[in-house]
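See structure below.
Numbering (our numbering), first residue to last: 537 to 649.
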């Protein structure tokens, strides 16, 4: 369990070298595939645009690399901007990393640890 658990899994991409196929810029409107807890499952997404939440947890399939950030840190339009990470697999306290979320790039936001 990452950070005590209680997270709702809304998107998945299997191991490999491809990006997630979602193009809704994390608005939660994309729905495709069949949700599964298997790491090897094909990519899937459930809608979460009507769900109340204030944080995102992004993690690799093996949970070796992960980060927790506030919703307001992800949303908006920015490029190479410092955005807040609450904690991550690298640091147990708040810090900033440079991210991208340009409205004309459908596969963004680009989130990094």
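Every residue gets a Cβ at the ideal spot worked out from N, C-alpha and C, and that includes glycine. Note that the structure is a prediction, hence the values are computed from the model and not measured.
- prompt: Expressed to the nearest angstrom, what Euclidean distance is found between the alpha-carbon atoms of residue 551 and residue 646?
  reply: Taking the first residue of the chain shown as position 1, residue 551 is located at position 15. Taking the first residue of the chain shown as position 1, residue 646 is located at position 110. Taking the straight line from one Cα to the other gives about 18 Å.
message: Distance check for residue 568 and residue 591, CA to CA, integer angstroms please.
response: Stepping through the chain shown from its first residue, residue 591 is reached at position 55. Stepping through the chain shown from its first residue, residue 568 is reached at position 32. A straight line joining the alpha-carbon of residue 591 with that of residue 568 spans about 22 Å.
Cα-Cα separation between residue 625 and residue 602, rounded to whole angstroms: Counting from 1 along the chain shown, the entry for residue 625 is found at position 89. Counting from 1 along the chain shown, the entry for residue 602 is found at position 66. For residue 625 and residue 602, the distance between alpha carbons rounds to 5 Å.
- prompt: Thinking C-beta only, is residue 633 closer than 7 Å to residue 641?
  reply: Taking the chain shown and counting its residues from 1, the one referred to as residue 641 is at position 105. Taking the chain shown and counting its residues from 1, the one referred to as residue 633 is at position 97. It is not a contact, given that the beta carbons lie outside the stated cut-off.
- prompt: With distances taken between CB atoms, is the gap from residue 570 to residue 580 smaller than 7 Å?
  reply: For the purposes of this step, residue 570 is identified with residue 34 of the chain shown, where counting begins at 1. For the purposes of this step, residue 580 is identified with residue 44 of the chain shown, where counting begins at 1. Result yes, Cβ atoms of residue 570 and residue 580 sit closer than 7 Å.
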